[in-house]
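Contents: one structure, followed by commentary.
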Amino acid sequence: MHAQLAADFERFKRELPRDFPAHVRQSYRIDLSARYLGETIPHPIGKGSGQLSLNQGQLEVDAEGGLGFAVLKTVIAQDAGGAQSMAAWAIHESKMRVERRGGGWTVTWKGRGWDRSFDEYLALARAGGDLTRAGRLLVVPSVKYHLPRLDEAFKDAEYAFTTRALATAWGEPLLLLEKDFSPTLAGDALAGEQAQILRWLREVAGHIRAQAAVRLAVKVMNARFDDDFQVEMVRASSAADVLVVFNRLFDLKRGIAYGGPELTARNLRVLDRLGPGLPELSGTGGISSGRDILEYARRGCESVQAHTFFQLPLEEYTATDGSRTQRALHQLVFHPADGLIAGLLDLETQGTLERRGGELHFLDLAADAHRPR
Ligand SMILES: Cc1cc2nc3c(=O)[nH]c(=O)nc-3n(C[C@H](O)[C@H](O)[C@H](O)COP(=O)(O)O)c2cc1C
Numbered sequence: 026m027h028a029q030l031a032a033d034f035e036r037f038k039r040e041l042p043r044d045f046p047a048h049v050r051q052s053y054r055i056d057l058s059a060r061y062l063g064e065t066i067p068h069p070i071g072k073g074s075g076q077l078s079l080n081q082g083q084l085e086v087d088a089e090g091g092l093g094f095a096v097l098k099t100v101i102a103q104d105a106g107g108a109q110s111m112a113a114w115a116i117h118e119s120k121m122r123v124e125r126r127g128g129g130w131t132v133t134w135k136g137r138g139w140d141r142s143f144d145e146y147l148a149l150a151r152a153g154g155d156l157t158r159a160g161r162l163l164v165v166p167s168v169k170y171h172l173p174r175l176d177e178a179f180k181d182a183e184y185a186f187t188t189r190a191l192a193t194a195w196g197e198p199l200l201l202l203e204k205d206f207s208p209t210l211a212g213d214a215l216a217g218e219q220a221q222i223l224r225w226l227r228e229v230a231g232h233i234r235a236q237a238a239v240r241l242a243v244k245v246m247n248a249r250f251d252d253d254f255q256v257e258m259v260r261a262s263s264a265a266d267v268l269v270v271f272n273r274l275f276d277l278k279r280g281i282a283y284g285g286p287e288l289t290a291r292n293l294r295v296l297d298r299l300g301p302g303l304p305e306l307s308g309t310g311g312i313s314s315g316r317d318i319l320e321y322a323r324r325g326c327e328s329v330q331a332h333t334f335f336q337l338p339l340e341e342y343t344a345t346d347g348s349r350t351q352r353a354l355h356q357l358v359f360h361p362a363d364g365l366i367a368g369l370l371d372l373e374t375q376g377t378l379e380r381r382g383g384e385l386h387f388l389d390l391a392a393d394a395h396r397p398r
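Take the sequence shown: its position 368, counted from the start at 1, is 393 in the working numbering, and no numbers get skipped.
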């Protein structure tokens, strides 16, 4: 199988077949099926919310390239009159730099949420709903809603207008939605108090669900506190259907959010401390190999959301043709040493993962992690 893997890696350099999961199942007897927001997806690799899901053209390329799912750029909630209490996040900042940090890569960028009109976002969400229903690409909108100070109420007018408009635009049968707690929020004075953060996490799902039927993922930020508090944040978020764990770290000195190996290490360390009985988990942060994906999976994640790895300079990928999406997937899945297939075969050799009905199943890793230890 290792010889075949080396041959596939070489062969798919020029073109990754769109339905590579079927090839993996047939050739390696590995079932890469994964899950996001309760939906079965052909493999676990999706795109996190950000600059790579701003328009229909990007979604089309991702659907053609065989991406697992895509989360749209975060839009800032508004009420019927267009007022946005989180307007400070709806600013335009165009310069984005891919840099090395801590032996890995990070994207340095100060920008924040969606900076075009809400109607344009609704059009994108509508296109996302259509792609999802067509079975071409699971697409999920993302929103940053008003978050009050401890002595304030949630601005339900913003929750109502934004959630209902998205539910109508996205369409049947049920809006799939991610709620973003961003790292820039972690750096804001608003997030200086633990009690305030815990209240947001406990209550935000109820304010969204009061407006429309949704299946809800909460993308939990890395707060500027220790691991104990991060664990407490997860416990406070149990009203979500999915937890996305965890958004980027915040560098107070430079005033920027960042990723790379430090982010991965923190995330995996915190995930190690979580017991059973959690909502579905989706891992994010510093994923640059199939082995990284398996580290998240072994800690309970049923899918992953990468961003930086889809933005590297072209020479960082082994593939010589195809979209960045395809080149990244080629590397993450088929790399003969560090790819997902190689890693799954190694877990079988070590006795960590067993075949069922002759096949290895990616989702068995997360299922095992959820058993009481
Ligand atoms: C340029 C850039 C913009 C981002 N914008 C958003 C955003 O609008 N909403 C959000 O929830 N996450 C956003 N993220 C976070 C990513 O979705 C992802 O969770 C994070 O970068 C960690 O994954 P990575 O290490 O693979 O980049 C952004 C990340 C980058 C690099």
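In this text, a Cβ means the ideal position worked out from N, Cα and C, and glycines have one as well.
Bear in mind that the values here come from a model prediction, so they are computed numbers and not experimental data.
For residue i, collect the residues of the same chain with a Cβ closer than 6 Å to its Cβ; drop the 5 residues on either side in sequence, then sort them by chain order.
i             : result
glutamate 203 : Val96, Val165, Ser167, Ala242, Lys244
arginine 398  : Unreliable positioning characterises arginine 398 in this predicted model, as indicated by a pLDDT of 45, which lies under 50. The coordinate reading is nonetheless provided below. Closer than 6 Å at the Cβ level, and outside the excluded window around arginine 398, lies no residue.
leucine 332   : The question names leucine, yet the displayed sequence has histidine at residue 332. The residues are Gly73, Gly75.
alanine 150   : Pro166, Leu191, Ala194, Trp195
With H, G and I counted as helix, E and B as strand and the rest as coil, what does DSSP make of residue i?
i                : result
aspartate 33     : helix
tryptophan 130   : strand
threonine 99     : strand
tyrosine 170     : coil
histidine 386    : strand
tyrosine 342     : coil
aspartate 147    : Before going on, a small fix: residue 147 reads as leucine here, not aspartate. It is helical.
aspartate 140    : coil
phenylalanine 94 : strand
glutamate 373    : helix
glycine 154      : helix
arginine 349     : helix
aspartate 104    : coil
leucine 77       : coil
arginine 189     : helix
aspartate 87     : helix
glutamate 379    : coil
aspartate 252    : helix
arginine 398     : Its pLDDT being 45, under 50, arginine 398 is placed unreliably by the model, and the measurement read from it follows with that caveat. Arginine 398 falls in the coil class under three-state DSSP.
aspartate 181    : helix
leucine 357      : helix
leucine 257      : For the sequence presented, residue 257 should be read as glutamate rather than leucine. Glutamate 257: helix per DSSP, three-state reduction.
I'd like the list of long-range same chain contacts for residue i, defined as Cβ closer than 7 Å, with 5 residues on each side in sequence excluded.
i                : result
leucine 62       : Val165, Leu201, Arg240, Ala242, Asp266, Val267
phenylalanine 37 : His355, Phe359
leucine 337      : Val123, Trp130
glycine 383      : Arg54
leucine 288      : Arg273, Leu274, Gly310, Gly311
methionine 26    : Tyr53, Leu370
proline 286      : Gly127, Gly128, Gly129, Gly311
leucine 30       : Phe359, Pro361, Ile366, Ala367
alanine 394      : Arg323, Arg324, Gly325
leucine 296      : Val270, Arg324, Gly325
proline 67       : Pro46, Leu57, Ser58, Gly93
histidine 48     : Pro42
isoleucine 281   : Thr133, Lys135
Considering only residues of the same chain and omitting the five flanking positions on each side of residue i, which have a CB-CB separation below 8 Å?
i                : result
aspartate 124    : The question names aspartate, yet the displayed sequence has glutamate at residue 124. Here the set comprises Trp130, Thr131, Val132, Thr133.
alanine 344      : Phe37, Lys38, Arg39, Leu41, Gln351, Arg352, His355, Gln356
glutamate 89     : Arg43, Ser348
phenylalanine 34 : Thr343, His355, Phe359, His360, Pro361, Gly364
leucine 319      : Leu365, Gly368, Leu369, Leu372, Leu390
glutamine 293    : Before going on, a small fix: residue 293 reads as leucine here, not glutamine. Cβ neighbours of leucine 293 beyond the five flanking positions: Glu320, Tyr321, Arg324.
leucine 175      : Glu218, Ala220, Gln221, Arg224
glycine 231      : Ala264
For ligand 2, is there a heavy atom less than 7 Å away from the beta-carbon of residue i?
i             : result
aspartate 205 : You won't find ligand 2 in this model; what it holds is ligand 1.
Report, in whole angstroms, the separation of the C-beta atoms of residue i and residue j, which I expect to be a contact under 8 Å.
i                 : j             : result
tryptophan 195    : glycine 160   : Not confirmed; about 16 Å, so no contact.
alanine 216       : alanine 248   : 6 Å
valine 269        : glutamine 330 : 6 Å
glutamine 236     : arginine 189  : 6 Å
alanine 59        : leucine 388   : 6 Å
glutamate 64      : leucine 163   : 6 Å
phenylalanine 334 : serine 307    : Not confirmed; about 15 Å, so no contact.
glycine 138       : lysine 180    : Not a contact, Cβ separation roughly 16 Å.
leucine 199       : alanine 148   : That belief does not hold up - the Cβ atoms of leucine 199 and alanine 148 are roughly 20 Å apart, past 8 Å.
methionine 258    : leucine 226   : 6 Å
aspartate 140     : alanine 115   : 6 Å
Practice prompt. State whether the region 258-272 contacts the region 174-189, with contact taken as three or more CB pairs (one from each stretch) at a distance under 8 Å.
Written response: The region 258-272, when compared against the region 174-189, does not touch it at the 8 Å Cβ threshold.
Worksheet item: Which full runs of the alpha helix (DSSP H) of 4+ residues lie inside the region 260-331, going along the chain?
Response: Those alpha helix (DSSP H) runs which fall completely within the region 260-331 and span 4+ residues are 286-297, 315-323.
Fill in: At least 3 beta-carbon pairs within less than 8 Å: the region 90-104 vs the region 59-73
Between the region 90-104 and the region 59-73 there are three or more C-beta pairs closer than 8 Å, enough to call the two in contact.
Discussion item. Suppose only complete runs of 4+ residues qualify. What are the alpha helix (DSSP H) ranges in the region 215-247, listed by chain order?
Written reply: Along the region 215-247, the alpha helix (DSSP H) occurs as fully enclosed runs of 4 or more residues at 219-234, listed in sequence order.
Discussion item. Closer than 8 Å is the cut-off here; do at least three beta carbon pairs connect the region 338-353 with the region 319-326?
Written reply: Look at the beta carbons and you see the region 338-353 not touching the region 319-326: under three pairs across the two are nearer than 8 Å.
Item to complete: Pair every Cβ in the region 102-113 with every Cβ in the region 75-82, then say whether three or more of these pairs are closer than 8 Å.
Response: They do not touch, by the three-pair rule.
Worksheet item: Which runs of the alpha helix (DSSP H), 4 residues or longer, sit entirely within the region 40-67?
Response: Within the region 40-67, the complete alpha helix (DSSP H) runs of at least 4 residues fall at 45-53.
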